[in-house]
Every structure is written in C-alpha cells, then in structure tokens.
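Reading through the structure tokens given below for one structure.
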Amino acid sequence: MSTPTVALVTGATQGLGLALVEGLARRLGPDGTVYLTGRDFDRINRAVEAVPAGGATVRGELLDVAEPDAAARLAAQLRQRHGGVDIVFGNAVMRVGPDDDPRAIVDRYTEVNNFGTTRLLRAFAPLLRDHGRLLVVASSLGTLHHLAPVLHDRFAAPASLDEVDKEVAAWRDAVADGSARAGAWPGFVNIPSKIAQVAAVRALAAQRREDDLARDILLAAVCPGMMNTPTSALWWDVSDQPTPAAAAVALLDLVLRPARPDHYGQLIRDGKVLPWSPFESGPADPVPARTSSRR
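Read left to right, the sequence shown gives residues 1 to 295 (full-length UniProt numbering).
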C-alpha cells in the first residue's frame, strides 16, 4: 500500500501559490494532504475555504519564511506527522512596485525572497521521500545572462547555501547604503535576487545530486512565465497574459510526472532547461524594457 502524498506550498494565500494548492488538491486525490502556508492566519483560513472540495485534504499552516526558525519548526512538525514530504513549492515572495525605493525595501525583500529560499531548502530537502520534488519558483531573469560579467563569480558556482547567503548579504548591504548604484549591479532588485535563488538551488543540488538521482528526487528552480496579476499590472499591460491557474499547469506537470535527470538542479520553464550562463547553449530572454516584479 502506497504512502499518501504530502505536499506543501509557501506563499499560497493568493495568485500562483493558491493556484498550485488548488491544482495539487485536485490532482492528488482524496488520500493526499496539501499544506497551504502563509504569514497571516486570516488570509490562510480564507484561502483554505476557497479551495474547491472533493480533492486532497488542504490544511492551513502559518509560515513566514522571513522568520529565521519558522521553516525548520514546520519541517519538524511535518516529519512528526507524516515522516517526510513528497512535494514542496517554494513560492513565497515579497513583491516590489515601480515606486518602491530599493534602499528602503531591500532588507525585507532579501529576508523573504532569498534567505527565505535558503531556509526552506535547508529545512525541507532532508525531508524529501523517494520520488520527492522540491521546486523553487524563480524567473527567467535568474540567470547570469542578466548580470554584468564582472559579477558572475559571485554566483556562478557557489559551494554551499551559506556562500549564497554571504553574497546576497553583501549585495543587500550595497543596495541599502547606495554603493550598488555606483557599481555594476542592475538597478532592478529582482534580477540579483532571482539569480541568487537559482544559485541556491544549484549549490544544494551539487551536494545532493548523486543520492537524489538514485532516489528519483527532483530539486530545481522553475519559471512560470509572465502572469496576469495585479502586481505585474503595475509595470505593464498583462491583460493578454495567462492567469495564475493557467501558469500553474506546467509546474504541476513537472512535479507529478516522471522526473528527467537533465532537469535536476536547473532552471526550468515550460519543461525546458534555461541556460545558466552565456557559455551554455540555448536562448535566454532579454530583459524587457519594463521588467515584471514577479517573474
């Protein structure tokens, strides 16, 4: 008798996160459990109530990835309840608008988007059961193509999550004190942040690759593409872009279908690997004239 599937989605009270919960609940069936997590109890409860009935059990859990010990505490609870997890989507994100001053928001921004990502990886990768999937929702901007060559060595091949955190902290401090503006860093904070997210996945994957591939575990970053959301609409016209529910389909397919070894540790969009550096083959997206704050 197979063990019921346990899934967890961070940043799941709206948008893509909620769409992923709804899709997992529908596709896993009544024996599964999906944890819908966020940082506000009221929003969590409303989101859980909004999920259509008839599929997997959806449970709300408080998880603020910006809190240093929160991911580890929840991981310990799920280990006790279920013995492990099967699917994790790291989707928590702090959004940034065109009028936000990067110097004012960069501390909270990196706590959620970057240190929140590495905390999630540290806490939940060890809980993955055989055939498990852990995907970090990032962006096609999360490649070295979008970073000045003089900065590539900071993220090209980090040896550990601690090393990624160190580079993120240095960039954060440079943004906060204004020195990043005089250097080679891009002005749009989403670019270094997304690159660091993908670098974190690559760093952990390099350490776990052999064992994970033997156990059919997939660890990867994913790009859902541009979506029609209120935040993206602050930057440009997204009226003809897919809804979060439509964008979630490719991500759900990735975790519910057999894993491809060539996807391991990579950034995936629509089932294809996006090249990490300009020296790898394959197309990379140019930075749009007005770049989305989400993906």
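For glycine and all other residues, C-beta sits at the position ideal for the given N, C-alpha and C.
Everything numeric in this text was worked out from a predicted model, so none of it was measured.
Need the endpoints of the beta strand (DSSP E) that tyrosine 35 sits in, please. Numbered from its first residue, the sequence shown carries residue 35 at position 35. Residues 33–38.
Just how far apart, CA to CA, sit aspartate 212 and phenylalanine 89? Reading the sequence shown from its first residue, position 212 is the one you call residue 212. Reading the sequence shown from its first residue, position 89 is the one you call residue 89. One C-alpha to the other measures close to 17 Å.
For a test of the three-state rule: what should DSSP assign to alanine 184, helix, strand or coil? One-based indexing of the sequence shown puts residue 184 at position 184. Note: alanine 184 maps to coil in three-state DSSP.
Three-state secondary structure (DSSP) at proline 286? In the sequence shown, counting from the first residue as 1, residue 286 sits at position 286. Any reading at proline 286 is ruled out, since the residue's pLDDT is 40, under 50, leaving its predicted position unreliable.
When you compare only the Cα positions, how much space is there between glycine 97 and asparagine 190? On the sequence shown, residue 97 is found 97 positions in, with the first residue counted as 1. On the sequence shown, residue 190 is found 190 positions in, with the first residue counted as 1. Cα to Cα, the separation comes out at about 11 Å.
Between the alpha carbons of threonine 33 and alanine 184, how many angstroms are there, rounded? In the sequence shown, residue 33 corresponds to position 33, counting from 1. In the sequence shown, residue 184 corresponds to position 184, counting from 1. Roughly 45 Å between the two C-alpha positions.
If you scan the segment 92–132 from start to end, which runs of the alpha helix (DSSP H) of 4 or more residues do you find wholly inside it? 102–113, 115–124
With aspartate 162 as the anchor, note down where its alpha helix (DSSP H) starts and where it stops. Residue 162 sits at position 162 when you count from the first residue of the sequence shown. From DSSP, the alpha helix (DSSP H) with aspartate 162 extends over 161–177.
Report the rounded CA-to-CA distance for leucine 134 versus valine 255, giving the unit in angstroms. For the purposes of this step, residue 134 is taken as the residue at position 134 of the sequence shown. For the purposes of this step, residue 255 is taken as the residue at position 255 of the sequence shown. Near 8 Å, if we compare the C-alpha coordinates of valine 255 and leucine 134.
Mind the definition here: the segment 214–228 touches the segment 263–276 only if three or more C-beta pairs lie below 8 Å; say whether that holds. yes
Just the Cα atoms here: how many angstroms apart are alanine 196 and alanine 53? Against the sequence shown, residue 196 aligns to sequence position 196. Against the sequence shown, residue 53 aligns to sequence position 53. Roughly 37 Å separates the two Cα atoms.
Which residues does DSSP list as the beta-bridge partners of lysine 272? Mapped onto the sequence shown, residue 272 falls at position 272. Paired residues: Arg269.
State the DSSP-derived secondary structure class of arginine 202, mapped to helix, strand or coil. In the sequence shown, residue 202 corresponds to position 202, counting from 1. Residue state, collapsed to three classes: helix.
Taking 8 Å as the cut-off, does the segment 139–146 touch the segment 166–179 (at least 3 CB pairs, one atom from each stretch)? no
CB-CB under 6 Å to serine 239, same chain, minus the five flanking residues each way: which ones, in chain order? Mapped onto the sequence shown, residue 239 falls at position 239. Nothing listed; no residue qualifies.
Helix, strand or coil at arginine 59 [DSSP, three-state]: To locate residue 59, count along the sequence shown from 1; it is residue 59. Three-state result, arginine 59: strand.
Over what stretch of residues does the alpha helix (DSSP H) that includes phenylalanine 279 continue unbroken? Against the sequence shown, residue 279 aligns to sequence position 279. Premise fails: phenylalanine 279 is in no alpha helix (DSSP H) and is neither H nor E.
Aspartate 64 and alanine 70 - do their beta-carbons sit closer together than 8 Å? What you label residue 70 is simply residue 70 of the sequence shown in a count that begins at 1. What you label residue 64 is simply residue 64 of the sequence shown in a count that begins at 1. Yes, the Cβ-Cβ distance between alanine 70 and aspartate 64 is below 8 Å.
Distance between beta carbons of histidine 131 and valine 6, contact taken as under 8 Å: For this step, residue 6 is matched to residue 6 along the sequence shown. For this step, residue 131 is matched to residue 131 along the sequence shown. Not a contact, Cβ separation roughly 12 Å.
Since alanine 203 and leucine 161 are thought to touch, with beta carbons under 8 Å apart, how far apart are those beta carbons, to the nearest angstrom? Counting from 1 along the sequence shown, the entry for residue 203 is found at position 203. Counting from 1 along the sequence shown, the entry for residue 161 is found at position 161. That belief holds up - the Cβ atoms of alanine 203 and leucine 161 are roughly 6 Å apart, short of 8 Å.
Please name the residue, chosen from Leu74, Ala66, Val150, that lies closest to arginine 59 on a Cα-to-Cα basis. Here the question's residue 59 lines up with position 59 in the sequence shown. The option with the nearest alpha carbon to arginine 59 is Leu74.
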